[in-house]
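Chemist: Chains as they are written, first to last, in my numbering: chain H, 826 to 1163; chain B, 9 to 332. Cβ atoms here follow ideal geometry from the backbone N, Cα and C, with glycine treated the same way.
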Amino acid sequence: MVKKVQHPGVDTDVLLEWYRSMVFVRHFEEQAERSFRRGKVGGYLHLYIGQEAVAVGVLGAIRDDDIIFASYRDHAYVLLRGTDPGAVMAELYGKSTGLCKGKGGSMHLFDVQRGFYGGYGVVGGHLPLAVGAAYALRYDHGDRVCVCFLGDGAMNTGAFHEALNLAGLWGHAGLCPLVLVVENNQYGMGTSVPRSSAVPALASRFDAYDIPNEVCDGMDPQAVYDVVRRGVDEARRTGRPWAVETLTYRYAAHGAADLLQPYRAKSEVQEWRQRDPIAQTEQRLRHAGALDDAKVEAIAAEAERRVQEAVTFAEASPDPAPEELYTDVYGEARDGDR
Amino acid sequence: MPDLTYRDALKSTLVEEMDRDPRVLLMGEDIGVYGGTFLVTEGLLARYGPKRVIDTPISEAGFIGCGIGMAMLGLRPVIEVMTWNFSLIAADQIIQNAAKIRYFSGGQAGVPMVIRGPNGAGVQLSAQHSQALEALYGYFPGLYVAAPATPADARGLLRTAIRASDPVIFLENASLYGLRGEVPDGDYVVPFGRAAVARHGRDVTLVTHGRTLHMTLAAAAHLAADGVECDVIDLRTLRPLDMATVVESVRRTHRAVVIEDQGGLYGVAGEVMAGIYERAFDDLDAPVVRVSGEDVPMPYARTLELLAQPNEAKIVEAVRRTVA
């Protein structure tokens, strides 16, 4: 679970917890990729490696009863929300003990009890859902907010523009406490932002829908937290949507099957790695005297131990029972025989 | 039992369900200030206010997707589409999200939402405003598809739809809104998956749904004068599909004609025929025949439009071939 901060500004203890969280997410993702290469994980696997600071900064800024919608690159959010890593890994393995009983897989993680309303596989398709969910939160006069993570690619879909126009309209009535977090990782699959967006300054699009917006460094959890905390408080107070474009990068391929990556130079990946969120945070904590070699090693070892525990659990778990094929299609018994 | 139009049966049911459950809300294009293109929601904005009767911009993917998110959080949106033709803009939301979220979330989330509006042709609306989409939506597990043909079923099925746990494709028709009929009072409910026998007869089974029920009943009356007695089955819901009632009838009559408004290739009639052949083949005395719309986009000219659609005479002719 991501460490919460009760007041603006982040102290060393909190930063250390965030470091621990980011290391854990990265170890989990690296293991997921190994399991994919070994054929234990099927289908599509979208890894979060490189973007850890965004999820950590955002989840650190919201309350436990706030809710989240996300795209298919969704492992980090549930892990940071406090979901059992074993249940996440088991879902990747397609086992009965998985978060979604093995019916969703990597792209469709759900943990509704913890306010995580999914992982969606069609780019931009989840945006209207998040807008409607935000409306529902305010319909009952509550003060929860809905956080919607999206990628830069989603901003070129029709669903984005239709949904955000509605969000802006409903926000005027104080009925849309929505926090939009764009993770601009520079590529929609293999097509870069300048090659796909007529106006590459993506955050400016929110102006068209009267949604206040900011841009921040997505490689620094504290920078993400500082900006998002303001936005979350504002959305909670006003019932209006708010957006941030976080500038980040995925080192990993789009999906784990995207091996050659002809769309970008190795040097570009190396440049971004210089600003790695985990390495940067580690440096800062070393300067503050909160980390040394031994502690770094211990944190990595602990992360790896938890990940291996998750793998052991997933591997030991049974496949879904055949009768599970037919459950969860409808929520109630039905008449009719077809 | 009061005599109501199909439109008023829908509207009074919306009112009763909104009064009963504060989570029920309405959303769609021009449903509030304008009162709805077919006036089904007239007066409801004044009654419930803009938070529960939401006029939307022309953004089907947006507002239908929003309805899904609302439903996942426990509201019960009833969304009007101006015509089902426009639902295709939201096909990704309906098919990829609404229908599948319960399944891929392993049962953690559901989408109790109704989408309702006129389906199929009106009068000279031409190709982009006339499509009947029951076969398309009937294809997807996770959806319900209801098609009431009478004012009573409009009430009973809409009530079931609003109270259902999963998304309902609720298919009305422009020609039905003014139709009058007796509508049971009170908490009248028609469960999904139960066909109605609209007329009893021993010679041939006619299976249909929606608007074409009425021309089928007219054909049956015409044939009765010639001594041919038709068992007329109104499917009422297409998903779930009540094949048991159809098969039971065919076992008695040994003959069947299946009627649908459009379709043809890959249509509802084809599915019903397959069900009859799978389960009552040995009972048949003649091949099952279908009467569908012609296999063309809907034309504009009234003469061509009428040729493209089924009618009483086509049904009578098909039945005569079947019983010959």
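State the beta-bridge partners of Asp63 of chain B as determined by DSSP.
Modeler: B:Gly36
Chemist: If contacts are defined as beta-carbon pairs under 8 Å, then Ile267 of chain B and Thr220 of chain B qualify, I think. What distance do you get, rounded to the angstrom?
Modeler: 5 Å
Chemist: So the candidates are H:Val866, H:Tyr942 and H:Met932; which of them puts its Cα closest to the Cα of Leu81 of chain B?
Modeler: H:Tyr942
Chemist: Any chance you could list the alpha helix (DSSP H) runs of at least 4 consecutive residues sitting entirely within the segment 131 to 159 of chain B, in chain order?
Modeler: 142 to 146
Chemist: Can you give me the C-alpha to C-alpha distance between Val1049 of chain H and Asp1042 of chain H, rounded to a whole angstrom?
Modeler: 7 Å
Chemist: What does DSSP give as the partner residues of Trp1097 of chain H in its beta bridges?
Modeler: Note: Trp1097 of chain H sits in no beta bridge, so no partner.
Chemist: According to the Cβ coordinates, are Asp161 of chain B and Val198 of chain B closer than 8 Å?
Modeler: Asp161 of chain B places its beta carbon less than 8 Å from that of Val198 of chain B.
Chemist: Put Ile874 of chain H into one of helix, strand or coil per three-state DSSP.
Modeler: coil
Chemist: Do you know offhand how far Val89 of chain B's Cα is from Glu37 of chain B's?
Modeler: 7 Å
Chemist: List the DSSP bridge partners of Gly125 of chain B.
Modeler: B:Leu179
Chemist: Check the Cβ-Cβ distances between Leu81 of chain B and every residue of chain H, and say whether any is below 8 Å.
Modeler: So yes, Leu81 of chain B belongs to the interface.
Chemist: Could you give the residue range of the beta strand (DSSP E) that holds Leu187 of chain B?
Modeler: Here Leu187 of chain B belongs to no beta strand (DSSP E), and DSSP marks it neither H nor E.
Chemist: For Tyr1074 of chain H, count neighbouring Cβ atoms within 10 angstroms of its own Cβ and tell me buried if that reaches 16, exposed if not.
Modeler: buried
Chemist: Met26 of chain B: buried (16+ other C-beta within 10 angstroms of its C-beta) or exposed?
Modeler: buried
Chemist: Exposed or buried, Ile66 of chain B, counting other C-beta atoms within 10 Å across all chains shown (16 or more means buried)?
Modeler: Classification of Ile66 of chain B: exposed, given that the 10 Å Cβ count is below 16.
Chemist: State yes or no: is the beta carbon of Asp1153 of chain H nearer than 8 Å to at least one beta carbon in chain B?
Modeler: Interface residue, yes.
Chemist: So does the segment 1130 to 1149 of chain H actually touch the segment 165 to 185 of chain B, counting three or more Cβ pairs closer than 8 Å?
Modeler: no
Chemist: Taking DSSP's pairing of strands, which residues face Asn1012 of chain H in a bridge?
Modeler: Correcting the residue identity first, residue 1012 of chain H is Tyr in this sequence and not Asn. Residue pairing by DSSP places Tyr1012 of chain H opposite H:Ser1017 in a beta bridge.
Chemist: Just to check my reading of the structure: Pro1019 of chain H and Cys971 of chain H have Cβ atoms closer than 8 Å, yes? What is that Cβ distance to the nearest angstrom?
Modeler: With a Cβ gap of about 31 Å, Pro1019 of chain H and Cys971 of chain H do not count as contacting.
Chemist: Could you tell me which of B:Gly130, B:Ser134 and B:Arg124 sits nearest to Val153 of chain B, measuring between CA atoms?
Modeler: B:Arg124
Chemist: When Cβ atoms are compared, which residues of the segment 67 to 78 of chain B fall closer than 7 Å to chain H?
Modeler: Listed by position, the residues of the segment 67 to 78 of chain B near chain H (Cβ gap below 7 Å) are Ser67, Ala69, Gly70, Phe71, Gly73, Cys74, Gly75, Ile76, Gly77 and Met78.
Chemist: Nearest chain H C-beta to Asp303 of chain B closer than 8 Å, yes or no?
Modeler: no
Chemist: So, does the CB of Asn93 of chain B fall closer than 8 Å to a CB anywhere in chain H?
Modeler: no
Chemist: Of the residues H:Gly978, H:Pro1145, H:Met1014 and H:Met914, which one's Cα is nearest the Cα of Leu1027 of chain H?
Modeler: Looking at the Cα atoms, H:Gly978 is the closest of the given residues.
Chemist: Measure from the C-beta of Gln139 of chain B to each C-beta in chain H and report whether the shortest distance is under 8 Å.
Modeler: no
Chemist: Give a yes or no on whether 8 Å exceeds the smallest Cβ distance from Val1094 of chain H to chain B.
Modeler: no
Chemist: Would DSSP call Thr224 of chain B helix, strand or coil?
Modeler: In the structure shown, Thr224 of chain B sits in a helix (DSSP, three-state: H, G or I).
Chemist: Measure the C-alpha to C-alpha separation of Ala316 of chain B and Ile1036 of chain H and round it to an integer number of angstroms.
Modeler: 49 Å
Chemist: Taking contact to mean 3 or more Cβ pairs, one atom from each stretch, closer than 8 Å, check whether the segment 996 to 1011 of chain H and the segment 950 to 960 of chain H are in contact.
Modeler: yes
Chemist: Given a cut-off of 8 Å, decide if Arg260 of chain B and Arg210 of chain B are closer than it, judged by their beta-carbon atoms.
Modeler: Yes.
Chemist: Check the C-beta distance from Ser846 of chain H over to Val881 of chain H and give it rounded, since I have them as a contact under 8 Å.
Modeler: 5 Å between Cβ atoms; contact.
Chemist: Do the segment 137 to 148 of chain B and the segment 1126 to 1142 of chain H touch if we need at least three Cβ pairs shorter than 8 Å?
Modeler: no
Chemist: Could you list which residues in chain H have their beta carbon closer than 7 Å to that of Tyr111 of chain B, in chain order?
Modeler: Lys928, Asp1153 and Val1154
Chemist: Could you check if Ala804 of chain H is buried or exposed, using at least 16 other CB atoms within 10 Å of its CB as the buried criterion?
Modeler: Outside the displayed span of chain H (826 to 1163) sits residue 804 of chain H, for which this structure offers no information.
Chemist: Thinking C-alpha only, which one of B:Phe71, B:Val297, B:Glu24 and B:His262 is nearest Glu987 of chain H?
Modeler: Selected option, being the one with the closest Cα: B:Phe71.
Chemist: Which of helix, strand or coil does DSSP assign to Val299 of chain B?
Modeler: strand
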